[in-house]
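In our numbering, the protein residues as written are 530 to 816.
Glycine included, every Cβ here is placed at the ideal spot set by N, Cα and C.
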Ligand code: GUN
């Protein structure tokens, strides 16, 4: 039976470290790090995520600035708000909760956040810096996965790492991060031929394809480390990942549960990025 990778435990541990770092920062510079979160509309899942971010900020001593705009807001009005926050000294990090209503161009909105405050690390400058191996910010979910692997002392160097999914938010950046730790990385996706064959080679398998129970025990190598990034809601309302937990846990060495695996780490990494942003913004050597 696989050992569980417990994201709640790791998250609690890291949030304690972040809280004490925030306190030190306040004492040293007299500045409280601030995170502005913009929610457009009333999507129920996004509303819950934003509320959780707010709570987590308060827990570690970060100022949380919540901005709620109606679903009908004009793109230019949203961008004007972001431009205001870009120059607001009390705001170190800016996050626009995605997805946005269809009439708003996400790319234009993301690009309007100055890279120094882009704690999601979605801006092309931050994506580019990650590709070059010199990131200021690491996108939150992939950063959380790397923290989990580190906490459980999973060796990456020289290992076969297979990523299923090629999104800009998870698949592409986690592939880059595993590569930067000297993993041998394969990225699979919906058009990949013989996906099972690739998955079965993996020492570390990261699944972020958004399909419930996509990976089962027949698709993994005995002793693999399996990271499930999926958050899918079943008909009964319960959450399930992209991995069939029952069959995989019999073969894997480590597996992340859903919920309680990768999920809690994402917000923790957002807190970490906000503190990093605050630290960098007091330094003239940001770039
Ligand atoms: N919606 C789902 N995940 C994310 C995320 O990581 N950042 C933002 N801004 N929106 C999201």
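Exposure of residue i, with buried meaning 16 or more beta-carbon neighbours within 10 Å
i, result
"residue 652", "buried"
"residue 800", "buried"
"residue 634", "exposed"
"residue 543", "buried"
"residue 758", "buried"
"residue 765", "exposed"
Identity of the residues DSSP links to residue i by a beta bridge
i, result
"residue 647", "623"
"residue 756", "735"
"residue 713", "689"
Sequence-distant residues of its chain with Cβ nearer than 6 Å to residue i (five each side left out)
i, result
"residue 718", "695"
"residue 647", "655"
"residue 570", "600 and 630"
"residue 615", "643"
"residue 622", "564, 646, 648, 803 and 806"
Residue i versus the options, residue with shortest Cα-Cα distance
i, options, result
"residue 754", "679, 644 and 558", "679"
"residue 572", "598, 553, 552 and 560", "598"
"residue 697", "671, 767, 771 and 641", "671"
Proximal residues to residue i (C-beta, below 7 Å), its chain only, five neighbours per side dropped
i, result
"residue 700", "692, 694, 716 and 737"
"residue 776", "745 and 746"
For residue j and residue i, the rounded distance between their alpha carbons
i, j, result
"residue 485", "residue 791", "The structure shown does not extend to residue 485, since the chain is modelled only from 530 through 816, so no value can be given for it."
"residue 637", "residue 611", "11 Å"
"residue 603", "residue 579", "21 Å"
"residue 816", "residue 756", "Because residue 816 sits at a pLDDT of 45, beneath the cut-off of 50, its placement in the model cannot be relied upon, and the point is left open."
"residue 558", "residue 617", "17 Å"
"residue 789", "residue 763", "17 Å"
"residue 632", "residue 577", "23 Å"
Other residues of its chain near residue i: CB distance less than 8 Å, five sequence neighbours each side excluded
i, result
"residue 729", "748, 749 and 750"
"residue 688", "712, 713, 732 and 733"
"residue 586", "564, 592, 593, 800 and 803"
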